[in-house]
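Read the structure below first, then the notes.
Protein chains: 4
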Amino acid sequence: MYQSTTQIRVRYAETDQMNVVYYGNYAQYFEIGRVESIRALGFTYKQMEDEGVIMPVVELHTRFLRPATYDELLTIQTQVRALPTSYHIEFFQDVFNEENKILAAGRVVLYFLQKQNWKRVNIPPDLQSALAKYF
Amino acid sequence: MYQSTTQIRVRYAETDQMNVVYYGNYAQYFEIGRVESIRALGFTYKQMEDEGVIMPVVELHTRFLRPATYDELLTIQTQVRALPTSYHIEFFQDVFNEENKILAAGRVVLYFLQKQNWKRVNIPPDLQSALAKYF
Amino acid sequence: MYQSTTQIRVRYAETDQMNVVYYGNYAQYFEIGRVESIRALGFTYKQMEDEGVIMPVVELHTRFLRPATYDELLTIQTQVRALPTSYHIEFFQDVFNEENKILAAGRVVLYFLQKQNWKRVNIPPDLQSALAKYF
Amino acid sequence: MYQSTTQIRVRYAETDQMNVVYYGNYAQYFEIGRVESIRALGFTYKQMEDEGVIMPVVELHTRFLRPATYDELLTIQTQVRALPTSYHIEFFQDVFNEENKILAAGRVVLYFLQKQNWKRVNIPPDLQSALAKYF
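Chains as they are written, first to last, in the numbering used here: chain A, 1 to 135; chain B, 1001 to 1135; chain C, 2001 to 2135; chain D, 3001 to 3135.
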């Protein structure tokens, strides 16, 4: 299994009048978790796009367990539990607060597509090799 | 079953550099669908909050089937398939483009909570009565 | 002078824990006002981009006079007070609530650029002709 | 003069189909700059709100000089050039890219208000004292 963590601080803009983080903003938190997990492998998602591969999200599942509040320092834990071998990848992503309580649990599926024509492609070999070390 | 539809136009701000709507923005589209479905029943979510009941999202599930693009007029279809009888409600929400092709399919679960203390409460009786006519 | 108005309803996502619309979201409201003002002329900004001209914002000035709140139906008034004759255009944009009180007053300057290379171009002749009828 | 800097990394969600950061998102960057400038003084804006003082923005002025792009590490420089002595405060905020080129220059005016009734109050004395050391 491959796992990485990163931290973000809740922005004022991300709260709503329920005094907690708006549920739609967790998708951004998960995105940051994935981006940093790829960076921790020695790649960047930016570079992948520059080389012609995009990764749109095709499934998002989230359970919201506790609210996040303004200015909290959140920890986003991102896991890849199965080595991708074709055109899709699945991330398990949990968000924790400063007391290490889980706030949200997510599962996100993305496709690897050619940027030019949005056709499916296999996971880039160098990304797969980097991930393979953890499996 | 209770069903309503509403329309929104994709904002430039909602696109990303993949030239499509960012996946995180569908949560806002679904929110609008739910808010308008409640308004179509003769209530407003605003009024419910003013009367002390909030409805945080506890589960969000989305499948992204086709991308939405800038300036498209989207139709959000919102369904309540089971009459809520306690502290939670489930919405099925689909997004269609102008050619009536489905772009995203969502399922969202929300709780009814007292605004004061975030304790669970049953669905407000007048909202339940209004919904009951469809079941 | 050319003027148009359009309406938007405040989304829950757009509020913050001050119980009002987050100041950063007015930029989106202004964008919608501009887009609809161009549509009212018989064009679309989307079409302009498809034809190779983009309009990035180079200046934004906003005074926030009264807060906007959740679920309010806002009116965005958009004015072009001088016929553009070169590579820039200036919009004056005001936001009003349902009681016709002004909430925010904006001034936004945009450039016309070639999409390919971000070089300045003059306002597209057909857009200028459509605007010229009001001057 | 009081000055602080902080860094943020551009999120995918913050780009638009022009392949740059959407102009409306700079308001969030400026907010982060202000929040961190207050934290660097030994306070937090969160604490101020908890103690009953809110700081809504009343003026926002931004010049967009160069586009910011996805995944760039931006530096936000925040300056207070005059010691606040009454109910308002003015921030000068510039955003720089990794090559130290300026991308945007902002000026933001905020009020100090009582959270309860939105009446103007003077800057909290302890915040003023902390700032005074720089003037």
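Ideal placement from N, C-alpha and C gives every residue a C-beta, glycine not left out.
Nothing here was measured: the structure is a model prediction, and the numbers come from that model.
LYS3101 (chain D) and ASN2025 (chain C) have their alpha carbons spaced roughly 26 angstroms apart.
The C-beta distance from ALA1068 (chain B) to ASN1097 (chain B) rounds to 7 angstroms, short enough to fall under 8 angstroms.
Nearest CB-CB separation between ALA1132 (chain B) and chain D: not below the 8 angstroms threshold. Per DSSP, GLY3033 (chain D) is one residue of the alpha helix (DSSP H) stretching across 3026-3039. Looking at the backbone, the Cα of LEU3127 (chain D) and that of ASP1126 (chain B) are separated by about 49 angstroms.
Chain order gives the chain A residues near TYR2022 (chain C) as TYR12, ALA13, where near means a beta carbon separation below 8 angstroms.
Residue contact check for ILE1123 (chain B) against chain A: no CB pair falls below 8 angstroms. With a threshold of 8 angstroms between beta carbons, ARG1120 (chain B) makes no contact with chain A.
In this structure, the alpha-carbon of TYR3023 (chain D) lies about 43 angstroms from that of ALA1082 (chain B). Rounded to whole angstroms, the Cβ separation of PHE2064 (chain C) and GLN2079 (chain C) is 19 angstroms, and the two are not in contact under 8 angstroms. Within chain D, no C-beta atom comes nearer than 7 angstroms to that of PHE2112 (chain C); the closest sits roughly 13 angstroms away. VAL3010 (chain D) is not a Cβ neighbour of LEU3103 (chain D), given a cutoff of 8 angstroms. Per DSSP, ASP3094 (chain D) is one residue of the beta strand (DSSP E) stretching across 3088-3096.
Note on geometry: alpha-carbon atoms of GLU2049 (chain C) and ILE3038 (chain D) lie some 41 angstroms from one another. Chain-ordered, the chain C residues with CB closer than 7 angstroms to the CB of ALA3027 (chain D) read TYR2023, GLY2024, ALA2027. Among the CB atoms of chain D, one or more fall inside 8 angstroms of the CB of GLN1017 (chain B).
For ALA1104 (chain B), the uninterrupted beta strand (DSSP E) run begins and ends at 1102-1111, by DSSP. Collapsing the DSSP output to three states places LEU2065 (chain C) in coil.
A distance below 8 angstroms separates the beta carbons of ASP16 (chain A) and ASP2016 (chain C). Judged by DSSP in its simplified three-state form, GLN1017 (chain B) adopts coil rather than helix or strand. By a beta-carbon distance limit of 8 angstroms, GLN2114 (chain C) contacts VAL2053 (chain C). Their separation comes to about 7 angstroms.
Here TYR3045 (chain D) has VAL3035, ILE3038 as same chain residues with Cβ atoms under 6 angstroms from its own Cβ, once five neighbours each way along the sequence are excluded. In the structure shown, TYR3134 (chain D) adopts coil according to DSSP, grouped into three states. DSSP places TYR45 (chain A) in the uninterrupted alpha helix (DSSP H) bounded by 45-50.
Contacts with chain A at 8 angstroms (Cβ-Cβ) do not include TYR2087 (chain C). Per DSSP, ARG11 (chain A) has no beta-bridge partner at all. Along the stretch 1058-1081 of chain B, the positions whose C-beta sits under 9 angstroms from a C-beta of chain A are VAL1058, GLU1059, LEU1060, HIS1061, THR1062, ARG1063, PHE1064, LEU1065, PRO1067, read in chain order.
In terms of CA proximity to ASP94 (chain A), A:HIS61 leads the group A:HIS61, A:TRP118, A:VAL57. ILE54: these are the residues of the stretch 41-54 of chain A whose beta carbon lies less than 7 angstroms from some beta carbon of chain B, given in chain order. Within the DSSP bridge table, the entry for LEU1127 (chain B) names no partner. A distance below 8 angstroms separates the beta carbons of TYR1111 (chain B) and PRO1056 (chain B). As a beta-bridge residue in DSSP terms, THR1078 (chain B) pairs with B:SER1004, B:GLN1093.
Taking 8 angstroms as the cut-off, the Cβ atoms of ILE76 (chain A) and GLY42 (chain A) do not count as close. DSSP lists A:VAL108, B:THR1062 as the bridge partner or partners of LEU60 (chain A).
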